[in-house]
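First comes the structure, then the notes that go with it.
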Amino acid sequence: MNKLSFPPRVKPSEDVVWRNLQGESVLLDLKSGVYFGLDSVGTRIWTLLQDHDDLQTVLQELLAEYDVSEETCARDLLELVSVLREKGLLQTADAT
Amino acid sequence: MYNILGYGQMISDRVRLHSYMEAMRRTIKPGCAVLDIGTGPGIMALLACRFGARKVYAIEADPVIQVAREIAVRNGFGERIEFIEGLSTHIDLPERVDVIVSDLSGILPWLQHHLDAVADARRRFLAPGGVMIPSKHLAWVGIVESEQAYFDHSQPWETGHGFEMEPARDLAVNSPKKVRLQPEALLAAAQCGLVLDYLAVEGPDSSAKTTFLVTRPGIGHGMLVWTDYVLTDDISFSNAPGCTTNIYGQTFFPWTRPISLEPDDVVTISLRCNLVADDYTFRWSTAVFGMGNKAAVKYKFDQSDFRSCPLSPTSLRKGAETYVPRTNGDASIDSFILTSMDGTTSVGEIAARLAKSFPDRFKVRSEALDRVARVSRAYSE
Numbered sequence: 001m002n003k004l005s006f007p008p009r010v011k012p013s014e015d016v017v018w019r020n021l022q023g024e025s026v027l028l029d030l031k032s033g034v035y036f037g038l039d040s041v042g043t044r045i046w047t048l049l050q051d052h053d054d055l056q057t058v059l060q061e062l063l064a065e066y067d068v069s070e071e072t073c074a075r076d077l078l079e080l081v082s083v084l085r086e087k088g089l090l091q092t093a094d095a096t
Numbered sequence: 097m098y099n100i101l102g103y104g105q106m107i108s109d110r111v112r113l114h115s116y117m118e119a120m121r122r123t124i125k126p127g128c129a130v131l132d133i134g135t136g137p138g139i140m141a142l143l144a145c146r147f148g149a150r151k152v153y154a155i156e157a158d159p160v161i162q163v164a165r166e167i168a169v170r171n172g173f174g175e176r177i178e179f180i181e182g183l184s185t186h187i188d189l190p191e192r193v194d195v196i197v198s199d200l201s202g203i204l205p206w207l208q209h210h211l212d213a214v215a216d217a218r219r220r221f222l223a224p225g226g227v228m229i230p231s232k233h234l235a236w237v238g239i240v241e242s243e244q245a246y247f248d249h250s251q252p253w254e255t256g257h258g259f260e261m262e263p264a265r266d267l268a269v270n271s272p273k274k275v276r277l278q279p280e281a282l283l284a285a286a287q288c289g290l291v292l293d294y295l296a297v298e299g300p301d302s303s304a305k306t307t308f309l310v311t312r313p314g315i316g317h318g319m320l321v322w323t324d325y326v327l328t329d330d331i332s333f334s335n336a337p338g339c340t341t342n343i344y345g346q347t348f349f350p351w352t353r354p355i356s357l358e359p360d361d362v363v364t365i366s367l368r369c370n371l372v373a374d375d376y377t378f379r380w381s382t383a384v385f386g387m388g389n390k391a392a393v394k395y396k397f398d399q400s401d402f403r404s405c406p407l408s409p410t411s412l413r414k415g416a417e418t419y420v421p422r423t424n425g426d427a428s429i430d431s432f433i434l435t436s437m438d439g440t441t442s443v444g445e446i447a448a449r450l451a452k453s454f455p456d457r458f459k460v461r462s463e464a465l466d467r468v469a470r471v472s473r474a475y476s477e
């Protein structure tokens, strides 16, 4: 996996509140009032993004926790990050 | 919305009512037109007449407007006050007014559609040079030590009779509540977090960032927010700790857990207030830096009342953007009723047909009548 293919550092948008519901999570975009659901793996990624804005670090954490190839894990991580950014739930870490 | 006892409490609040009365007395000139948004039983509209208003438009969505009408007639103001049932944002007036008076906020300015309603009224109804009462709300923020205020959020779930009750505590510590604390509770000088100027406010959402320098050692239990109600430049009242008690009180936003604070610790709080659907969601993020050292984070909490109530995952899933809904049996019933509301059929006739078409759901006619009446109230002209 080429590390350069990762997008800039990202962090949860300040307009998002979230809560864990039995291992899954619900995100609420305060600006739009729209809810988003994440499954258990998505919730783990979202939780890691609370503490790490570097996707390489998130990837390494996931590889340590899940029995998955680096290529698959990176692809799934990027896919989720892409969706979350598109929805405005993630923003670049240096943006205010 | 209040019941009649609640309206009575509002009228009996001397601090509030006397402040409004004085502000109106100084502002309303003989012959001017006044708009009273959320008139309730009509007290502000009556006062406006007493102070010389030529015309008062009194808007109220609650059925209490019928009481207001009767009171106006009894006091000889039935002609001068035009009562309009509904929401101000859905109503047009025949003229612009010189004064707009309202009291749509609660303990905090962020209550339901208050800010939208006031901004809309100013844009559409206020004459050039007109006056808004209140003119401003100032939201103040403090950090407080109050074991008593924190008690409800924590204690019941920490002594769970030998059971692990943490999931309930997680909800409770994200639940703001009304309190009345005294100045001794403050651990640092309070900060004015936000000024809402009603001659300028536009959108419903607000955010404030405040920084506190802790001035005395203590246990921090949370954030306190209160409001200064600035009615005119020289008339205001406040819910600040130590002020004369009024009906509103203050709002306590608990922290995830009590924290030990020392003098010169720096506490930063970000408060966001967002209107979601019909009411506000609050988010308060707190960081404590030991002795002001930005590198020494002692505590960090990110909280929201979004986490304060039990939620059904099933219900939430049904509201998700990606959910593909399919109607259930209740939809068929309401659809039947709506289709039957053709402008010629009475509620009773629709109920009779409904009971016949859905015999398993409506065993007696009154059940069908209740259901049709509910839909009729919501959707008929």
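Heads up: the protein sequence lines correspond to chains A and B, in order.
Each residue of the first sequence is one higher than the one before, starting from 1 at the first, in the numbering used here.
Each residue of the second sequence is one higher than the one before, starting from 97 at the first, in the numbering used here.
Glycine included, every Cβ here is placed at the ideal spot set by N, Cα and C.
Ala264 (chain B): contacting residues in chain A (beta-carbon distance under 8 Å): Those within 8 Å of Ala264 (chain B) in chain A number zero; the least Cβ separation is about 14 Å.
Chain A within 9 Å of Pro421 (chain B), Cβ atoms only: no
Proximity test, Cβ basis, 9 Å: Phe402 (chain B) and chain A: yes
Min CB distance Thr352 (chain B) to chain A below 9 Å: no
Exposure of Phe385 (chain B), with buried meaning 16 or more beta-carbon neighbours within 10 Å: buried
Which of helix, strand or coil DSSP assigns to Phe454 (chain B): coil
Below-9 Å beta-carbon distance, Glu417 (chain B) vs any chain A residue: yes
Sufficient close CB pairs (3 or more, under 8 Å) joining the stretch 412-421 of chain B to the stretch 394-403 of chain B: no
Those residues which DSSP pairs with Ala151 (chain B) across a bridge: Reading off the sequence, residue 151 (chain B) comes out as Lys, not Ala. Paired residues: B:Ala129.
Glu243 (chain B) versus B:His210, B:Arg265, B:His317, B:Pro279, residue with shortest Cα-Cα distance: B:His317
Cutoff 9 Å: Ala373 (chain B) Cβ touching any chain A Cβ: yes
Same chain only: Cβ atoms within 6 Å of Glu118 (chain B), ignoring 5 sequence neighbours per side: Ile331
Cross-chain neighbours of Pro409 (chain B) in chain A, by beta carbon under 9 Å: Leu21, Gln22, Glu24, Val26, Gly37
Cutoff 7 Å; reference Thr123 (chain B); Cβ partners in own chain excluding five residues on either side: Val195, Val227, Ile229, Thr328
Arg413 (chain B) at chain A interface by Cβ criterion, 9 Å: yes
is_contact[Asn424 (chain B), chain A] using C-beta, thresh 9 Å: no
Cβ shell of Gly345 (chain B) (< 7 Å), same chain only, five flanking positions each side left out: Ile203, Lys274, Val275, Arg276, Asn335
Identity of the residue in B:Ala235, B:Gly256, B:Ser250, B:Leu309 nearest Gly289 (chain B) by Cα: B:Ala235
Where Arg9 (chain A) falls: helix, strand or coil (DSSP): coil
Partners in chain B for Val34 (chain A), counting only beta-carbon separations shorter than 7 Å: Glu417
Cβ shell of Val310 (chain B) (< 7 Å), same chain only, five flanking positions each side left out: Leu283, Ala284, Leu357, Glu358, Pro359, Asp360, Asp361, Val363
Strand pairing of Gln91 (chain A), partner residues [DSSP]: A:Lys11
Cβ neighbours of Val58 (chain A) in the same chain (closer than 7 Å, five flanking residues each side left out): Ile45, Leu48, Leu49, His52, Leu77
Cβ neighbour criterion (16 or more within 10 Å) applied to Asp29 (chain A): buried
Reduced DSSP secondary structure (H/G/I, E/B, other) of Tyr419 (chain B): coil
Glu156 (chain B) - DSSP class collapsed to helix/strand/coil: strand
Rounded straight-line distance, which links the Cα of Thr347 (chain B) to that of Tyr246 (chain B): 12 Å
Exposed unless 16 or more other CB atoms sit within 10 angstroms - verdict on Asp375 (chain B): exposed
Boundaries (first-last residue) of the beta strand (DSSP E) holding Arg85 (chain A): Run containing Arg85 (chain A): none in the beta strand (DSSP E); it sits in the alpha helix (DSSP H), 70-86.
C-alpha distance - Lys459 (chain B) paired with Leu80 (chain A), whole-angstrom precision: 50 Å
Residues of its chain near Cys73 (chain A), where Cβ-Cβ distance is below 8 Å and the 5 sequence neighbours each way are ignored: Leu59, Leu62, Leu63, Tyr66
Cutoff 9 Å: Asp301 (chain B) Cβ touching any chain A Cβ: yes
Phe264 (chain B), enclosing alpha helix (DSSP H) - first and last residue: The amino acid at residue 264 (chain B) is misidentified as Phe; the sequence shows Ala. It spans 262-268 - the alpha helix (DSSP H) in which Ala264 (chain B) sits, taken as one unbroken run.
Trp236 (chain B) (DSSP reduced to helix, strand or coil): strand
In DSSP terms, what Ala391 (chain B) is bridged to: According to DSSP, Ala391 (chain B) bridges with nothing at all.
CB contact below 9 Å: Trp46 (chain A) versus chain B: no
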